[in-house]
Every structure is written in C-alpha cells, then in structure tokens.
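Asks: Below you will find the structure I want to go over with you.
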Amino acid sequence: MRTGLLDRPGAAAAIVSLAEVPHADAVHPSSTAQSDETRLARARAFAEPLLSGRRFDTGEDALVHADGVAAILQGIGAGPGIRAAAWLVYASEYLNKPEEIIEQAFGADEASLVAHTRKLVQIQRSARDALADEADGEMRAEQVERVRKMLLAFSRDLRVVLLRLASRLQTLRYYAASKVPAPGVLAGESLHVFAPLANRLGIWQIKWEIEDHAFRFLHPQEYREIAGLLHEKRLEREQSVEAARQQLAHALAQAGLKADVHGRPKHLYSIWKKMRGKGLTIERIFDVQALRVIVPEVGDCYAALARVHDLWRPLPEEFDDYIARPKPNGYQSLHTVVLDEHGRSIEIQIRTAQMHEHAESGVAAHWAYKEAGAKGYAGTAQAAGDFESRVAEARKTVLRQLLAWERDVAHADGEDHVAAGAGKGLFDDRIYVFTPAGAIIDLPARATPVDFAYTLHTDLGHRCRGARVDGAMVQLNTPLQSGQTVEIVTAKDAGAGPSLDWLNPELGYLQSPRARAKVRAWFNALAVQQTIARGRDAVEKLLQREGRTAIKLEELAVQSGFRTAEALFESVGKDEYSLRNIETLLRPAEPPVDADELLAQRIARSESAAALKPASGGVLVV
19 MRTGLLDRPG AAAAIVSLAE VPHADAVHPS STAQSDETRL ARARAFAEPL LSGRRFDTGE
79 DALVHADGVA AILQGIGAGP GIRAAAWLVY ASEYLNKPEE IIEQAFGADE ASLVAHTRKL
139 VQIQRSARDA LADEADGEMR AEQVERVRKM LLAFSRDLRV VLLRLASRLQ TLRYYAASKV
199 PAPGVLAGES LHVFAPLANR LGIWQIKWEI EDHAFRFLHP QEYREIAGLL HEKRLEREQS
259 VEAARQQLAH ALAQAGLKAD VHGRPKHLYS IWKKMRGKGL TIERIFDVQA LRVIVPEVGD
319 CYAALARVHD LWRPLPEEFD DYIARPKPNG YQSLHTVVLD EHGRSIEIQI RTAQMHEHAE
379 SGVAAHWAYK EAGAKGYAGT AQAAGDFESR VAEARKTVLR QLLAWERDVA HADGEDHVAA
439 GAGKGLFDDR IYVFTPAGAI IDLPARATPV DFAYTLHTDL GHRCRGARVD GAMVQLNTPL
499 QSGQTVEIVT AKDAGAGPSL DWLNPELGYL QSPRARAKVR AWFNALAVQQ TIARGRDAVE
559 KLLQREGRTA IKLEELAVQS GFRTAEALFE SVGKDEYSLR NIETLLRPAE PPVDADELLA
619 QRIARSESAA ALKPASGGVL VV
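Under our numbering, think of the first position of the sequence shown as 19, with each following residue one higher.
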C-alpha cells in the first residue's frame with residue numbers, strides 16, 4: 019500500500035486503541051526502568067506491523083525510512099528517546115488516536131514529540147504544494163509562513179529539528195540510491211533551508227550530506243563532472259594525503275604531542291562553491307589537501323599549530339583562531355593553510371576531542387545529555403540545579419542559532435535565493451525571548467516586559483511593577499529583542515492591579531492586543547465593582563431611613579425583579595433602577611375591603627344623612 023509521507027490512510031486502516039496494535043503485549047510500558055536497547059526495541063516492535071507494506075509518496079518503504087532515520091540520529095549522537103521517536107512518528111499515522119495510544123505505550127514525552135513532529139510535517143507539505151502551484155506573490159507569502167512555523171516548532175523542542183533533518187537526509191539518500199531524481203522543490207528546500215539550518219546548529223555530518231545530495235539533483239551536469247574527476251584522481255589524492263598525514267603525525271610525536279591525524283574529505287558541493295566563489299579551476303581545487311588534528315587539551319592545539327608552522331610554510335592570511343573567537347554556533351578549531359615542499363596547499367584543522375564532538379554532532383549532544391539526566395550530564399555527577407541551568411543555556415543557544423538561520427534564509431540572494439524579501443527578515447513582526455528558566459516566549463515585535471508578563475499569566479501582568487532584562491533593570495515600556503532573558507518584578511499585594519497609563523498608546527507599554535484586552539478587562543471589572551459599591555451604599559441608607567435594616571438583601575433583590583443583590587446594587591448604582599421603587603416595596607399596603615361590607619357601609623352612610631334632613635313645611639316639636 020502506498021501513502022503520502024505522513025498522510026493519514028483510509029479509516030479502515032486506522033487502529034483505534036492500544037489493544038488493537040499487533041503484539042501490544044510486547045510493547046506495553048513496564049513499571050520498571052528499561053535499558054536503552056529495550057526502549058529502542060519496543061519502539062521498533064510497535065512500529066513494524068503498522069509500517070510493513072506501506073510506501074511513502076516518494077516510493078520509499080515506510081519501515082526502511084524509519085530505520086534509516088534512527089540510524090542517522092544514532093550517528094550524530096542523539097539519545098535513545100529521539101531515536102525511538104523515529105519509528106513512533108511514522109507509526110502514529112496509522113493510529114486513530116495517535117497521541118493517546120503512544121502516551122499509553124511510551125509516555126507523555128514521546129507522545130508530545132510525535133504530535134509536534136506530525137504537525138510540522140503537515141505544515142511543510144501543504145506549504146511545498148502551494149509553492150509548486152501558486153503564483154509568485156502567493157508563493158512568497160507561503161514561503162514566509164512555512165519558515166515561520168518551522169521556526170516556531172523547532173524553537174519549542176530541539177528534538178523536532180533533529181528528527182526533521184534526519185528524515186530529510188534519509189529521503190535524499192533514497193532518491194540517490196533509487197536513481198530517481200528528487201523533485202526540484204524538495205531538493206531546493208533541502209539545500210536552501212535544511213542544510214543552512216544544520217550548519218547553524220553545528221550538525222556538520224548532516225549538513226554536508228544534504229548539500230551534496232541536493233547539489234546532485236539541482237545541478238546534475240556539474241555534479242557528474244566533479245564526481246567523475248574526483249574518481250579519476252582518487253588514488254593519486256589518497257596517496258598524497260596519506261604521505262602528508264604520516265609526515266605531520268611523526269613531527270607531532272617527536273614534539274611529545276599525543277595527536278590523531280586524519281585526512282579530511284572534501285565534499286562536492288563545497289568544491290563547486292569554492293570554484294564559483296574564488297574563481298578557481300577544478301584542477302586547482304583538487305590540488306588542495308585537507309588534514310584534521312585531534313589533541314587532548316586546548317593548550318595542545320596551539321603547540322600543534324606551532325609544530326605545523328615549523329614543518330611547512332604558513333599562509334598568514336588564511337589563519338583563523340576559532341578557539342579564542344568561536345563561531346556563533348559554538349564551533350571551535352584552529353584553521354591554517356600551509357604550503358608543503360612541493361608548493362601544494364594543505365588545509366589543516368586543529369581541535370580537541372570535545373570540540374570535534376561538538377563540530378560533528380552540534381546541538382544533538384545537548385539532548386543526549388538531557389536524556390541522561392542530571393547525574394549523566396557530561397558523564398559526571400552534577401547538581402540538579404546546575405544541570406537544569408546548562409540545559410536552559412543550551413536551549414538559548416539553539417534559539418539564537420535558529421534566529422541566525424532565519425536571517426540566512428531571509429538575506430539569501432542570487433540563484434540560491436529561495437525566500438522572498440531579501441534585506442528584510444522573515445520574522446520582523448515577531449520576537450522570541452526567554453523566561454529565567456529558559457522557556458521560550460513568542461511575542462509581537464517591540465513587545466515590552468508588560469506584554470511578556472501578561473503572556474505568562476494574567477495575574478503576573480496585573481502585579482507587574484518592574485522588569486530585569488538580561489539581569490539589568492529596565493523601564494516597563496522598553497521594547498524587547500529576540501534572545502533576551504526577561505524577569506518580572508511583582509507587587510507584594512496580591513490584589514494589585516495595572517496602571518491606567520498602560521492603555522495609553524503614546525506611552526508604548528503594550529503591543530499585544532491580548533495584553534491590552536486583559537488590562538482593559540481589569541479596569542472594566544473595577545468600574546463594575548465601584549458601581550456595585552455605590553448602589554449598595556444607596557440601598558443601605560434607604561433601609562436605615564425606613565427602619566428596615568433587618569431585611570435580607572437577597573430577598574429584597576428578588577422582590578425588585580433581580581436575580582442577586584449585586585445585580586440590584588449595580589442597577590441602582592447606574593441610576594437604572596429608582597430607589598422610589600424600593601420605598602414602595604418597603605411601605606405596608608392598606609388591607610383589602612370585602613365588596614358586601616363596602617356596600618353596607620355606603621347604605622349606612624346614606625340612611626344617616628337622610629335622618630338628619632328637616633321635613634318640608636312642617637313644625638318641629640321638641
């Protein structure tokens with residue numbers, strides 16, 4: 019059965035509950051801790067019957083793809099939790115309630131990761147389809163929105179980006195192995211979005227392989243030319259590099275330095291870029307040899323550099339010290355170019371083993387540490403607080419690199435320009451800041467600490483009285499910038515409220531419509547309470563005048579036609595209900611008179627009046 023990548027299959031194929039999953043008894047979570055191997059085996063056992071026989075719209079077998087993604091993640095040092103998710107993400111598409119079932123089988127953390135990854139893939143696919151179908155203006159809008167949502171998803175869970183990078187690389191590997199050209203939109207997205215992202219996050223293994231595969235599909239003629247010449251000169255180059263490696267290793271050993279020296283592969287896309295960027299011929303590029311030196315300590319890096327420059331003639335203009343001045347993504351190494359005795363260039367990188375691990379795996383190591391827990395961080399026991407602070411700092415580093423990646427995409431030009439709006443960031447209307455704990459908060463551009471406070475919690479916004487940004491006190495209307503850490507200083511009084519000045523747009527305290535609505539709602543509620551208090555006071559004074567203070571207010575409200583006493587007070591406070599109506603209710607009414615009795619009274623009054631009237635023309639005798 020063939021299905022689109024993470025497209026939901028027909029209802030008949032969906033599994034409703036964990037009990038319906040084949041071999042569910044083998045994957046149901048145990049109450050005891052499990053080894054990494056068991057965790058991975060459970061995930062694959064869960065996915066295998068769901069993925070067997072399925073094919074993605076690329077033609078690739080679904081289970082083979084998941085196996086490949088897990089292997090790529092293992093290669094960059096990702097932890098077992100992320101590798102297990104490689105199977106669960108794809109298996110989830112054949113479940114009717116995927117998050118619920120996966121949470122039952124593997125826990126809430128895996129379920130959350132699956133949900134976020136599925137959502138991101140759906141966004142990517144719909145955006146890619148739009149890029150292929152829409153007119154230029156609409157394509158640019160879709161591109162902006164796609165990258166925006168990718169950034170939002172990545173910034174909230176680093177594991178999502180690792181899964182997506184590994185999945186894209188596996189898809190490219192499939193196209194390369196099957197000899198089927200990858201679609202141009204997919205190859206272009208790989209080269210211009212995924213490869214720069216891997217670069218910014220320091221995951222070099224994935225970066226260069228994505229670049230080479232995408233280059234193969236986007237520029238097949240140039241790829242074949244370079245690959246062919248590399249193959250022709252492979253034996254000659256390998257012999258030359260091995261001779262230089264042995265010469266350098268011997269020199270370092272004589273200097274008493276413990277070092278591993280390796281030949282460094284040159285990748286096809288980087289060769290092509292150097293040819294274009296520096297105007298060099300392909301023969302000149304092939305003359306350049308590349309070595310990498312790995313030493314135990316930072317001091318050894320500089321000692322090895324001195325020995326290299328003693329052995330061969332350095333080119334000063336080609337020297338870079340990325341140990342003293344690391345690249346923005348944390349990359350550290352010494353780079354130098356020397357000329358050997360035959361006048362051939364040798365590019366040499368010198369770094370420690372720790373620097374090499376970071377250069378190869380980048381931010382993947384951070385989540386491996388996190389999965390190990392506080393006691394497993396960096397292989398040593400760490401205080402829980404120290405571990406959490408390290409993880410929080412790692413997340414900040416990731417976000418800064420994601421924002422830098424966004425700028426890379428936004429400012430790309432020439433034929434490599436994919437996203438519209440060069441010269442203008444794709445996220446000029448959004449910023450991303452941190453809580454003191456390292457949580458990422460998404461805010462509108464020029465948002466202030468007050469906006470930040472209301473985004474976290476309404477009560478925090480109401481009680482906001484000051485703010486620290488990166489440890490320094492700032493005014494509450496100070497515009498925030500991406501990457502800053504914000505801490506709110508609150509009033510001690512739990513009933514404290516916002517300032518009316520915050521609603522004045524000229525003062526610039528609020529940029530978020532939601533925050534502004536919350537402030538306005540607080541003042542509206544305050545006005546209602548003041549109206550109720552005014553109405554209550556008027557009613558209570560009336561009751562005192564009438565000597566009826568014992569009357570129950572709720573009963574009075576009901577007699578007046580209101581559901582509650584507060585509703586009565588509010589209506590009186592607004593002058594919508596007159597106190598005269600209450601006075602009428604308070605005064606006793608005259609008792610009703612019987613009709614027969616009323617008639618008898620009228621007859622009696624008439625007879626009495628007739629008896630008193632004098633006779634006409636007669637003499638009154640007394």
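The C-beta atom is built at its ideal place from N, Cα and C for all residues, glycine as well. A quick note: this is a predicted structure, and the numbers were derived from the prediction, not measured.
Could you compute how far the alpha carbon of I366 sits from the alpha carbon of W226?
Replies: Here residue 366 is taken as the residue at index 348 of the sequence shown, counted from 1. Here residue 226 is taken as the residue at index 208 of the sequence shown, counted from 1. Rounded to whole angstroms, I366 to W226 spans 18 Å at the Cα level.
Asks: Here's the rule: buried if 16 or more other CB atoms are within 10 angstroms of the residue's CB, otherwise exposed. What is G441?
Replies: As a working note, residue 441 is residue 423 in the sequence shown. Reliability fails at G441, whose pLDDT of 33 lies under 50, so the model's placement of it is uncertain and no value is given.
Asks: So the alpha helix (DSSP H) A104 belongs to, where does it begin and stop?
Replies: Against the sequence shown, residue 104 aligns to sequence position 86. Where A104 is concerned, the enclosing alpha helix (DSSP H) stretches over P98 to A109.
Asks: Excluding sequence positions up to five away, which residues of its chain have a Cβ less than 7 Å from the Cβ of D230?
Replies: Taking the first residue of the sequence shown as 1, we reach residue 230 at position 212. Excluding sequence neighbours, D230 sits near H285, L286 and Y287.
Asks: Whole angstroms is fine: what's the gap from A321's alpha carbon to L275's?
Replies: Reading the sequence shown from its first residue, position 303 is the one you call residue 321. Reading the sequence shown from its first residue, position 257 is the one you call residue 275. C-alpha separation (whole angstroms): 8 Å.
Asks: Does DSSP put G489 in a helix, a strand or coil?
Replies: In the sequence shown, residue 489 corresponds to position 471, counting from 1. Three-state result, G489: coil.
Asks: Indicate whether L16 and A109 have their beta-carbon atoms separated by less than 8 Å.
Replies: What is shown of the chain runs 19 to 640, which leaves residue 16 out entirely.
Asks: What residue does the beta strand (DSSP E) around S352 start on, and which one ends it?
Replies: Walking along the sequence shown from the start, residue 352 turns up at place 334. According to the sequence provided, residue 352 is Leu. The question's Ser does not apply to it. Here the beta strand (DSSP E) through L352 covers L352 to L357.
Asks: Can you give me the C-alpha to C-alpha distance between E207 and A514, rounded to a whole angstrom?
Replies: Your numbering for residue 207 matches position 189 in the sequence shown. Your numbering for residue 514 matches position 496 in the sequence shown. Looking at the two C-alpha atoms, the distance is approximately 51 Å.
Asks: Measuring straight from C-alpha to C-alpha, what distance separates D318 and T354?
Replies: To locate residue 318, count along the sequence shown from 1; it is residue 300. To locate residue 354, count along the sequence shown from 1; it is residue 336. So the two alpha carbons sit approximately 15 Å from each other.
Asks: From which residue to which residue does the alpha helix (DSSP H) around G281 run?
Replies: If you number the sequence shown from 1, residue 281 lands on position 263. Here G281 belongs to no alpha helix (DSSP H); instead the beta strand (DSSP E) covers D278 to G281.
Asks: In the DSSP assignment, find the unbroken alpha helix (DSSP H) run with T476 in it and report its ends.
Replies: Stepping through the sequence shown from its first residue, residue 476 is reached at position 458. Segment T476 to H480, the alpha helix (DSSP H) holding T476.
Asks: Does S351 pass the burial test, meaning 16 or more other C-beta atoms within 10 Å, or should it be called exposed?
Replies: Here residue 351 corresponds to residue number 333 of the sequence shown, with the count starting at 1. Answer is buried; the Cβ neighbour count reaches 16.
Asks: In this structure, how does DSSP classify V132 when only helix, strand and coil are distinguished?
Replies: Here residue 132 is taken as the residue at index 114 of the sequence shown, counted from 1. Helix at V132.
Asks: Tell me which residues share the same chain as R464 and place their Cβ nearer than 6 Å to its Cβ, disregarding the 5 neighbours each side in the sequence.
Replies: Looking up residue 464 in the sequence shown gives position 446. Same-chain partners within the cutoff: P497 and Q529.
Asks: Determine the direct distance from the alpha carbon of L106 to that of L525, and round the result to whole angstroms.
Replies: As a working mapping, residue 525 is identified with position 507 in the sequence shown. As a working mapping, residue 106 is identified with position 88 in the sequence shown. Computed Cα separation, rounded: 51 Å.
Asks: Within 10 angstroms of its Cβ, does D488 collect 16 or more other Cβ (buried), or is it exposed?
Replies: Start at 1 with the first residue of the sequence shown, and residue 488 comes out as number 470. Classification for D488: exposed.
Asks: Look at the alpha carbon of G93 and the alpha carbon of L183, and state the distance between them as a whole number of angstroms.
Replies: Sequence index remark: in the sequence shown, residue 93 carries index 75 (1-based). Sequence index remark: in the sequence shown, residue 183 carries index 165 (1-based). Taking the straight line from one Cα to the other gives about 13 Å.
Asks: Between the alpha carbons of D555 and N542, how many angstroms are there, rounded?
Replies: Translated into positions along the sequence shown, residue 555 becomes position 537. Translated into positions along the sequence shown, residue 542 becomes position 524. Each residue's alpha carbon lies about 20 Å from the other.
Asks: Would you list, in sequence order, the uninterrupted alpha helix (DSSP H) runs of no fewer than 4 residues that lie entirely inside the region 495-571?
Replies: For the region 495-571, whole alpha helix (DSSP H) runs of length 4 or above, ordered along the chain, are 531-563.
Asks: From the DSSP secondary-structure annotation, give me the bridge partner or partners of T370.
Replies: Taking the first residue of the sequence shown as position 1, residue 370 is located at position 352. Answer by DSSP bridge pairing, in chain order: V313.
Asks: Got a sec, what are the start and stop residues for the beta strand (DSSP E) D460 sits in?
Replies: On the sequence shown, position 442 is the one that residue 460 refers to. Taken as a continuous stretch (DSSP letters only), the beta strand (DSSP E) holding D460 covers I458 to P462.
Asks: Nearest to V87 by alpha carbon, out of R191, Q264 and I459?
Replies: In the sequence shown, the residue the question calls residue 87 occupies position 69. It is R191.
Asks: In chain order, what residues of the same chain lie with their CB nearer than 8 Å to the CB of R282, ignoring the 5 residues before and after it?
Replies: As a working note, residue 282 is residue 264 in the sequence shown. So the qualifying residues of the chain are A308, L309, R310, E365 and Q367.
Asks: Mind checking whether P462 and A485 have CB atoms under 8 Å apart?
Replies: What you label residue 462 is simply residue 444 of the sequence shown in a count that begins at 1. What you label residue 485 is simply residue 467 of the sequence shown in a count that begins at 1. No.
Asks: Could you tell me which residues DSSP puts in a beta bridge with E615?
Replies: Residue 615 sits at position 597 when you count from the first residue of the sequence shown. Bridge partners of E615: none, in fact.
Asks: Of the choices A324, H480 and R263, whose alpha-carbon is the least far from that of A509?
Replies: Looking up residue 509 in the sequence shown gives position 491. Closest option to A509, Cα to Cα, is H480.
Asks: Give the straight-line distance between the Cα atoms of F233 and A455, rounded to the nearest whole angstrom.
Replies: For the purposes of this step, residue 233 is taken as residue 215 along the sequence shown, with counting starting at 1. For the purposes of this step, residue 455 is taken as residue 437 along the sequence shown, with counting starting at 1. In a straight line, the C-alpha of F233 is about 41 Å away from that of A455.
Asks: According to the neighbour-count rule (16 or more other Cβ atoms, all chains shown, within 10 Å of its Cβ), is K570 buried or exposed?
Replies: Against the sequence shown, residue 570 aligns to sequence position 552. It counts as exposed.
Asks: Any idea what DSSP makes of I224, helix, strand or coil?
Replies: Within the sequence shown, the letter at position 206 stands for residue 224. Three-state result, I224: helix.
Asks: Counting only beta-carbon atoms, is A126 nearer than 8 Å to chain B?
Replies: Although the question refers to chain B, the structure presented lacks it and comprises just one protein chain.
Asks: In or out: H360 buried (at least 16 other Cβ within 10 Å) or exposed?
Replies: Translated into positions along the sequence shown, residue 360 becomes position 342. With fewer than 16 other Cβ atoms within 10 Å, it is exposed.
Asks: Identify which residue in A618, V537, Q577 and L187 has its Cα closest to the Cα of N599.
Replies: On the sequence shown, residue 599 is found 581 positions in, with the first residue counted as 1. Considering only alpha carbons, the answer is Q577.
Asks: Alpha carbon to alpha carbon, how far is L474 from Q547? Give it in angstroms, no decimals.
Replies: Counting from 1 along the sequence shown, the entry for residue 547 is found at position 529. Counting from 1 along the sequence shown, the entry for residue 474 is found at position 456. Distance between the alpha carbons of Q547 and L474 is about 26 Å.
Asks: Taking Cβ to Cβ, would you say W215 is nearer than 8 Å to V259?
Replies: Locating residue 215 in the sequence shown gives position 197, where the first residue counts as 1. Locating residue 259 in the sequence shown gives position 241, where the first residue counts as 1. What sits at residue 215 in the sequence shown is Leu, not Trp. No.
Asks: Closer than 6 Å by C-beta to R62: which residues in its own chain qualify, once you throw out the five before and the five after it? Chain order, please.
Replies: By 1-based counting over the sequence shown, the position of residue 62 is 44. Closer than 6 Å at the Cβ level, and outside the excluded window around R62, lie W105.
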